[in-house]
Amino acid sequence: MRLVSLGFSVFVFVNVVGLSSATVVYKPLSMAFADLPAKFALGVNSSGSCGALVKSDPLNACSPLRNGHRSNETDIARFALIIRGECAFKDKVLNAQKAGFRAAIVYDDRDREDLIYMMINSENTTIHAVFVSKATGELLKENVRGEEGECCIFPFQNETAWTVLAISFISFVVILGILMIAIFAPRHWLYSRGRNQLPKSVDAKVVEALPCFTFSSARLGECHSEETCAICLENYKDAEILKVLPCQHEFHSSCVDSWLTKWGTCCPVCKHDIRTKSVNPEVKRRTWLYNS
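Numbering (mature numbering (1 follows the signal peptide of the UniProt record, and there is no 0)) for the sequence shown: -22 to -1, 1 to 270.
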(Lines of atoms letter the chains of each structure in order from A and count residues from 1; the text may use other names and numbers.)
(Lines give C-alpha, C1' and ligand atoms only; values in the text may rest on other atoms or scores of the structure.)
Protein backbone atom coordinates (compact mmCIF):
# COMPACT_ATOMS: atom_id res chain seq x y z
CA MET A 1 0.00 0.00 0.00
CA ARG A 2 2.86 2.37 0.79
CA LEU A 3 4.45 1.67 -2.59
CA VAL A 4 1.15 2.42 -4.34
CA SER A 5 0.85 5.73 -2.47
CA LEU A 6 4.45 6.63 -3.31
CA GLY A 7 3.92 5.79 -6.98
CA PHE A 8 0.76 7.90 -7.11
CA SER A 9 2.58 10.84 -5.49
CA VAL A 10 5.39 10.61 -8.05
CA PHE A 11 2.83 10.45 -10.89
CA VAL A 12 1.08 13.58 -9.63
CA PHE A 13 4.41 15.35 -9.14
CA VAL A 14 5.50 14.56 -12.72
CA ASN A 15 2.26 15.90 -14.17
CA VAL A 16 2.33 19.06 -12.07
CA VAL A 17 5.93 19.74 -13.07
CA GLY A 18 5.05 19.16 -16.72
CA LEU A 19 2.09 21.49 -16.65
CA SER A 20 3.61 24.34 -14.70
CA SER A 21 7.09 24.46 -16.22
CA ALA A 22 6.17 26.44 -19.34
CA THR A 23 7.48 30.00 -19.11
CA VAL A 24 6.37 33.52 -19.99
CA VAL A 25 9.35 35.84 -20.54
CA TYR A 26 8.87 39.62 -20.62
CA LYS A 27 12.05 41.10 -22.07
CA PRO A 28 11.67 44.73 -20.85
CA LEU A 29 11.82 43.42 -17.29
CA SER A 30 14.31 40.61 -18.07
CA MET A 31 12.11 38.33 -16.00
CA ALA A 32 10.55 34.89 -16.51
CA PHE A 33 7.23 33.74 -15.01
CA ALA A 34 5.74 30.26 -14.64
CA ASP A 35 2.50 29.61 -16.47
CA LEU A 36 0.01 26.80 -16.99
CA PRO A 37 -0.97 26.16 -20.63
CA ALA A 38 -4.69 25.84 -21.35
CA LYS A 39 -6.01 22.41 -22.18
CA PHE A 40 -6.55 21.93 -25.94
CA ALA A 41 -5.26 25.41 -26.82
CA LEU A 42 -2.73 25.83 -29.62
CA GLY A 43 0.61 24.46 -28.49
CA VAL A 44 3.90 26.36 -28.59
CA ASN A 45 6.77 24.92 -30.63
CA SER A 46 10.26 24.36 -29.25
CA SER A 47 11.49 27.82 -30.32
CA GLY A 48 8.65 29.55 -28.48
CA SER A 49 6.26 32.27 -29.62
CA CYS A 50 6.85 36.02 -29.19
CA GLY A 51 4.74 39.13 -29.62
CA ALA A 52 3.91 42.60 -28.32
CA LEU A 53 2.09 42.55 -24.97
CA VAL A 54 -1.14 44.58 -24.92
CA LYS A 55 -3.80 45.05 -22.24
CA SER A 56 -7.15 43.85 -23.53
CA ASP A 57 -9.97 46.40 -23.65
CA PRO A 58 -12.04 45.57 -21.70
CA LEU A 59 -9.52 43.98 -19.37
CA ASN A 60 -11.74 40.96 -18.60
CA ALA A 61 -12.28 40.28 -22.34
CA CYS A 62 -15.84 39.17 -21.68
CA SER A 63 -17.08 41.24 -24.65
CA PRO A 64 -15.57 41.99 -28.10
CA LEU A 65 -12.21 43.73 -27.65
CA ARG A 66 -12.12 47.39 -28.63
CA ASN A 67 -8.37 47.36 -29.27
CA GLY A 68 -8.39 44.52 -31.77
CA HIS A 69 -6.55 44.60 -35.10
CA ARG A 70 -6.40 42.67 -38.34
CA SER A 71 -3.41 40.44 -38.94
CA ASN A 72 -2.46 42.31 -42.15
CA GLU A 73 -2.25 45.67 -40.38
CA THR A 74 1.04 44.79 -38.74
CA ASP A 75 3.67 42.08 -38.99
CA ILE A 76 4.16 42.01 -35.21
CA ALA A 77 2.09 39.45 -33.33
CA ARG A 78 0.24 40.71 -30.29
CA PHE A 79 -0.52 39.01 -26.98
CA ALA A 80 -3.59 40.03 -24.99
CA LEU A 81 -3.23 40.40 -21.22
CA ILE A 82 -6.59 39.47 -19.65
CA ILE A 83 -7.81 39.30 -16.05
CA ARG A 84 -9.77 36.30 -14.87
CA GLY A 85 -13.44 36.51 -13.86
CA GLU A 86 -16.95 37.53 -14.95
CA CYS A 87 -17.05 35.01 -17.83
CA ALA A 88 -15.66 31.65 -18.93
CA PHE A 89 -12.08 31.17 -20.06
CA LYS A 90 -13.20 30.08 -23.51
CA ASP A 91 -15.10 33.37 -24.01
CA LYS A 92 -12.02 35.41 -23.11
CA VAL A 93 -9.74 33.41 -25.43
CA LEU A 94 -12.21 33.46 -28.32
CA ASN A 95 -12.70 37.23 -28.00
CA ALA A 96 -8.93 37.71 -28.08
CA GLN A 97 -8.70 35.40 -31.09
CA LYS A 98 -11.44 37.29 -32.97
CA ALA A 99 -9.64 40.58 -32.23
CA GLY A 100 -6.53 39.31 -34.04
CA PHE A 101 -4.31 38.44 -31.04
CA ARG A 102 -1.82 35.58 -31.35
CA ALA A 103 -2.00 34.61 -27.68
CA ALA A 104 -4.08 35.21 -24.55
CA ILE A 105 -2.30 35.53 -21.20
CA VAL A 106 -4.97 35.26 -18.50
CA TYR A 107 -3.94 36.19 -14.97
CA ASP A 108 -5.70 35.33 -11.72
CA ASP A 109 -7.89 37.81 -9.89
CA ARG A 110 -7.04 36.25 -6.53
CA ASP A 111 -3.86 35.32 -4.71
CA ARG A 112 -3.46 31.53 -4.86
CA GLU A 113 -0.63 29.08 -4.38
CA ASP A 114 -1.54 26.99 -7.44
CA LEU A 115 -2.27 27.98 -11.02
CA ILE A 116 -5.62 27.10 -12.59
CA TYR A 117 -5.93 24.72 -15.52
CA MET A 118 -8.06 26.38 -18.22
CA MET A 119 -10.31 24.05 -20.25
CA ILE A 120 -10.92 25.34 -23.78
CA ASN A 121 -12.60 23.79 -26.83
CA SER A 122 -9.83 22.85 -29.26
CA GLU A 123 -12.08 23.00 -32.34
CA ASN A 124 -12.52 26.76 -32.08
CA THR A 125 -9.17 27.77 -30.59
CA THR A 126 -6.31 28.70 -32.90
CA ILE A 127 -4.20 30.87 -30.56
CA HIS A 128 -1.99 30.20 -27.58
CA ALA A 129 -3.57 30.51 -24.14
CA VAL A 130 -1.76 30.39 -20.79
CA PHE A 131 -2.66 31.15 -17.18
CA VAL A 132 -0.40 33.07 -14.76
CA SER A 133 -0.66 34.17 -11.13
CA LYS A 134 -2.17 37.42 -9.93
CA ALA A 135 1.23 38.83 -8.96
CA THR A 136 2.63 38.04 -12.42
CA GLY A 137 -0.37 39.57 -14.17
CA GLU A 138 -0.29 42.78 -12.16
CA LEU A 139 3.45 43.17 -12.76
CA LEU A 140 2.96 42.69 -16.51
CA LYS A 141 0.02 45.11 -16.55
CA GLU A 142 2.07 47.85 -14.87
CA ASN A 143 4.88 47.42 -17.42
CA VAL A 144 2.93 46.94 -20.67
CA ARG A 145 4.71 48.79 -23.54
CA GLY A 146 2.91 47.47 -26.60
CA GLU A 147 5.23 46.93 -29.56
CA GLU A 148 8.17 48.26 -27.53
CA GLY A 149 7.95 45.38 -25.09
CA GLU A 150 8.38 41.87 -26.43
CA CYS A 151 6.76 38.99 -24.55
CA CYS A 152 7.55 35.34 -25.29
CA ILE A 153 5.97 32.02 -24.33
CA PHE A 154 8.30 29.03 -24.19
CA PRO A 155 7.19 25.41 -23.87
CA PHE A 156 7.93 22.90 -21.17
CA GLN A 157 11.26 21.07 -21.63
CA ASN A 158 10.74 17.38 -20.85
CA GLU A 159 14.41 16.42 -20.53
CA THR A 160 15.18 19.16 -18.04
CA ALA A 161 12.15 18.38 -15.90
CA TRP A 162 12.88 14.65 -15.86
CA THR A 163 16.48 15.37 -14.86
CA VAL A 164 15.32 17.58 -11.99
CA LEU A 165 12.74 14.96 -11.00
CA ALA A 166 15.31 12.16 -11.03
CA ILE A 167 17.80 14.15 -8.94
CA SER A 168 15.07 15.17 -6.48
CA PHE A 169 13.76 11.62 -6.14
CA ILE A 170 17.21 10.08 -5.68
CA SER A 171 18.08 12.74 -3.09
CA PHE A 172 14.83 12.00 -1.25
CA VAL A 173 15.55 8.24 -1.20
CA VAL A 174 19.12 8.78 0.02
CA ILE A 175 18.04 11.14 2.81
CA LEU A 176 15.24 8.77 3.82
CA GLY A 177 17.67 5.86 3.92
CA ILE A 178 20.13 7.80 6.10
CA LEU A 179 17.34 8.79 8.50
CA MET A 180 16.12 5.19 8.78
CA ILE A 181 19.64 3.95 9.47
CA ALA A 182 20.17 6.69 12.08
CA ILE A 183 16.92 5.76 13.83
CA PHE A 184 16.89 1.96 13.68
CA ALA A 185 20.59 1.05 13.78
CA PRO A 186 21.16 2.24 17.41
CA ARG A 187 18.00 0.45 18.52
CA HIS A 188 19.08 -2.78 16.86
CA TRP A 189 22.55 -2.48 18.39
CA LEU A 190 21.14 -1.89 21.87
CA TYR A 191 18.71 -4.79 21.49
CA SER A 192 21.46 -7.15 20.32
CA ARG A 193 23.78 -6.00 23.08
CA GLY A 194 21.07 -6.53 25.68
CA ARG A 195 20.36 -10.03 24.42
CA ASN A 196 24.04 -10.92 24.42
CA GLN A 197 24.41 -9.74 28.00
CA LEU A 198 21.61 -11.97 29.24
CA PRO A 199 22.79 -15.41 30.47
CA LYS A 200 21.63 -18.21 28.19
CA SER A 201 21.48 -20.77 30.98
CA VAL A 202 20.45 -20.92 34.60
CA ASP A 203 23.01 -20.99 37.37
CA ALA A 204 23.44 -24.47 38.83
CA LYS A 205 22.73 -23.22 42.36
CA VAL A 206 19.36 -21.85 41.21
CA VAL A 207 18.51 -25.17 39.55
CA GLU A 208 19.46 -27.10 42.71
CA ALA A 209 17.16 -24.87 44.76
CA LEU A 210 14.09 -25.83 42.71
CA PRO A 211 11.63 -28.02 44.68
CA CYS A 212 11.70 -31.80 44.20
CA PHE A 213 9.36 -34.66 45.17
CA THR A 214 8.98 -38.40 44.68
CA PHE A 215 6.55 -39.54 42.02
CA SER A 216 3.70 -41.87 43.00
CA SER A 217 1.34 -43.35 40.41
CA ALA A 218 -1.28 -43.82 43.12
CA ARG A 219 -1.59 -40.04 43.45
CA LEU A 220 -1.40 -39.25 39.70
CA GLY A 221 -4.81 -37.62 39.35
CA GLU A 222 -4.60 -35.88 42.72
CA CYS A 223 -1.23 -34.12 42.61
CA HIS A 224 0.44 -34.81 39.27
CA SER A 225 -0.53 -32.89 36.12
CA GLU A 226 1.29 -35.20 33.66
CA GLU A 227 2.57 -38.79 33.65
CA THR A 228 5.25 -38.22 30.96
CA CYS A 229 8.39 -36.11 31.06
CA ALA A 230 8.21 -33.56 28.22
CA ILE A 231 12.00 -33.54 27.85
CA CYS A 232 12.90 -37.24 27.50
CA LEU A 233 9.34 -38.37 26.62
CA GLU A 234 9.56 -41.25 29.13
CA ASN A 235 6.72 -42.10 31.52
CA TYR A 236 7.30 -41.40 35.17
CA LYS A 237 7.89 -44.40 37.43
CA ASP A 238 7.15 -44.77 41.09
CA ALA A 239 9.89 -43.47 43.37
CA GLU A 240 11.48 -41.33 40.62
CA ILE A 241 12.55 -37.84 41.68
CA LEU A 242 10.69 -35.04 39.82
CA LYS A 243 11.47 -31.35 39.88
CA VAL A 244 8.85 -28.56 39.67
CA LEU A 245 9.46 -25.26 37.87
CA PRO A 246 7.82 -21.96 39.00
CA CYS A 247 5.19 -22.45 36.27
CA GLN A 248 4.27 -25.77 38.06
CA HIS A 249 5.31 -28.05 35.19
CA GLU A 250 7.03 -31.24 36.33
CA PHE A 251 10.01 -33.07 34.81
CA HIS A 252 12.57 -35.69 35.68
CA SER A 253 15.06 -33.97 37.96
CA SER A 254 18.04 -35.02 35.84
CA CYS A 255 16.32 -33.98 32.60
CA VAL A 256 15.34 -30.50 33.71
CA ASP A 257 18.71 -29.92 35.40
CA SER A 258 20.51 -30.60 32.13
CA TRP A 259 17.98 -28.51 30.18
CA LEU A 260 18.32 -25.40 32.34
CA THR A 261 22.09 -25.49 32.77
CA LYS A 262 22.94 -26.26 29.12
CA TRP A 263 20.12 -25.32 26.76
CA GLY A 264 18.04 -22.45 28.06
CA THR A 265 16.29 -20.62 30.86
CA CYS A 266 12.68 -21.35 29.89
CA CYS A 267 10.24 -24.13 30.68
CA PRO A 268 10.25 -26.68 27.80
CA VAL A 269 6.43 -26.73 27.86
CA CYS A 270 5.17 -23.14 28.31
CA LYS A 271 8.43 -21.21 27.62
CA HIS A 272 8.12 -19.33 30.90
CA ASP A 273 11.50 -17.90 31.95
CA ILE A 274 12.17 -19.22 35.42
CA ARG A 275 14.35 -16.15 36.20
CA THR A 276 11.34 -13.83 36.12
CA LYS A 277 9.38 -15.39 38.93
CA SER A 278 10.14 -17.06 42.23
CA VAL A 279 8.84 -20.50 43.15
CA ASN A 280 5.08 -20.63 43.61
CA PRO A 281 4.15 -21.05 47.31
CA GLU A 282 1.71 -23.82 46.35
CA VAL A 283 4.55 -25.75 44.73
CA LYS A 284 6.61 -25.47 47.92
CA ARG A 285 3.67 -26.69 49.97
CA ARG A 286 3.11 -29.63 47.62
CA THR A 287 6.84 -30.48 47.74
CA TRP A 288 6.89 -30.71 51.49
CA LEU A 289 3.70 -32.80 51.34
CA TYR A 290 5.38 -35.40 49.11
CA ASN A 291 8.58 -35.41 51.09
CA SER A 292 6.82 -35.85 54.38
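From the three backbone atoms N, C-alpha and C, an ideal C-beta is built for every residue, glycine too.
8 Å contact criterion, which residue 219 and residue 190 should meet: CB distance rounded: By 1-based counting over the sequence shown, the position of residue 219 is 241. By 1-based counting over the sequence shown, the position of residue 190 is 212. That belief holds up - the Cβ atoms of residue 219 and residue 190 are roughly 5 Å apart, short of 8 Å.
N- and C-terminal bounds of the alpha helix (DSSP H) containing residue 118: Against the sequence shown, residue 118 aligns to sequence position 140. Element bounds for residue 118: 112 to 120.
Short Cβ contact (7 Å threshold) for residue 79 with residue 107: Here residue 79 is taken as the residue at index 101 of the sequence shown, counted from 1. Here residue 107 is taken as the residue at index 129 of the sequence shown, counted from 1. No. Outside cutoff.
Contact belief for residue 193 with residue 215 at Cβ below 8 Å, rounded distance in angstroms: As a first step, residue 193 must be located in the sequence shown, where it is residue number 215. As a first step, residue 215 must be located in the sequence shown, where it is residue number 237. Sure, about 7 Å apart at Cβ, within 8 Å.
Closest by C-alpha distance to residue 236, when choosing among 225, 156, 228 and 209: As a first step, residue 236 must be located in the sequence shown, where it is residue number 258. Of the listed residues, the one whose Cα sits closest to residue 236 is 209.
Rounded separation between residue 27 and residue 131 - CA only: For the purposes of this step, residue 27 is taken as residue 49 along the sequence shown, with counting starting at 1. For the purposes of this step, residue 131 is taken as residue 153 along the sequence shown, with counting starting at 1. For residue 27 and residue 131, the distance between alpha carbons rounds to 5 Å.
DSSP beta-bridge partners of residue 192: Position 214 of the sequence shown, counting from 1, holds the residue named residue 192. Answer by DSSP bridge pairing, in chain order: 219.
Residue 70, buried or exposed, once every other Cβ within 10 Å from all chains shown has been counted against 16: Indexing the sequence shown from 1 puts residue 70 at position 92. With 16 or more Cβ atoms within 10 Å of its Cβ, residue 70 is classed as buried.
Simplified DSSP state of residue 245, which is helix, strand or coil: Against the sequence shown, residue 245 aligns to sequence position 267. Coil at residue 245, not helix or strand.
Backbone secondary structure at residue 228 - three-state DSSP: Counting from 1 along the sequence shown, the entry for residue 228 is found at position 250. In the structure shown, residue 228 sits in a strand (DSSP, three-state: E or B).
Straight-line gap, residue 110 to residue 34 (C-alpha atoms, nearest Å): Counting from one through the sequence shown, the residue named residue 110 turns up at place 132. Counting from one through the sequence shown, the residue named residue 34 turns up at place 56. One C-alpha to the other measures close to 15 Å.
Where residue 124 sits in the DSSP three-state scheme: Residue 124 sits at position 146 when you count from the first residue of the sequence shown. Of the three classes helix, strand and coil, the one that applies to residue 124 here is strand, per DSSP.
Residue range of the unbroken beta strand (DSSP E) whose run includes residue 31: Position 53 of the sequence shown, counting from 1, holds the residue named residue 31. Here the beta strand (DSSP E) through residue 31 covers 27 to 33.
Euclidean distance between Cα positions of residue 39 and residue 127: Residue 39 sits at position 61 when you count from the first residue of the sequence shown. Residue 127 sits at position 149 when you count from the first residue of the sequence shown. Each residue's Cα considered, the two are about 21 Å apart.
Sub-7 Å separation of residue 74 and residue 82 beta-carbons: Working through the sequence shown from its first residue, we reach residue 74 at position 96. Working through the sequence shown from its first residue, we reach residue 82 at position 104. Yes, these two residues count as a Cβ contact at 7 Å.
For residue 105, the residue or residues it bridges with in DSSP: Residue 105 sits at position 127 when you count from the first residue of the sequence shown. According to DSSP, residue 105 bridges with nothing at all.
Simplified DSSP assignment, three categories, for residue 56: Against the sequence shown, residue 56 aligns to sequence position 78. Strand.
Neighbourhood of residue 72 by C-beta, 7 Å cutoff - its chain only, sequence neighbours within 5 removed: Taking the first residue of the sequence shown as position 1, residue 72 is located at position 94. Correct list, in chain order: 102.
Buried or exposed by the 16-neighbour rule on C-beta atoms within 10 Å, applied to residue 60: For the purposes of this step, residue 60 is identified with residue 82 of the sequence shown, where counting begins at 1. Classification of residue 60: buried, given that the 10 Å Cβ count is 16 or more.
Length of the line joining the Cα atoms of residue 63 and residue 164: Here residue 63 refers to the residue found at position 85 when the sequence shown is read from its first residue. Here residue 164 refers to the residue found at position 186 when the sequence shown is read from its first residue. Each residue's Cα considered, the two are about 58 Å apart.
Beta carbon of residue 152 nearer than 7 Å to that of residue 243: As a working note, residue 152 is residue 174 in the sequence shown. As a working note, residue 243 is residue 265 in the sequence shown. Cβ distance not < 7 Å, so residue 152 and residue 243 don't count as in contact.
Which of helix, strand or coil DSSP assigns to residue 184: If you number the sequence shown from 1, residue 184 lands on position 206. Here residue 184 sits in helix by DSSP.
Segment limits, beta strand (DSSP E) that includes residue 272: This structure cannot settle anything about residue 272, because the visible part of the chain is limited to -22 through 270.
Status (buried if at least 16 other CB within 10 Å, exposed otherwise) for residue 162: Stepping through the sequence shown from its first residue, residue 162 is reached at position 184. Flag for residue 162 reads exposed.
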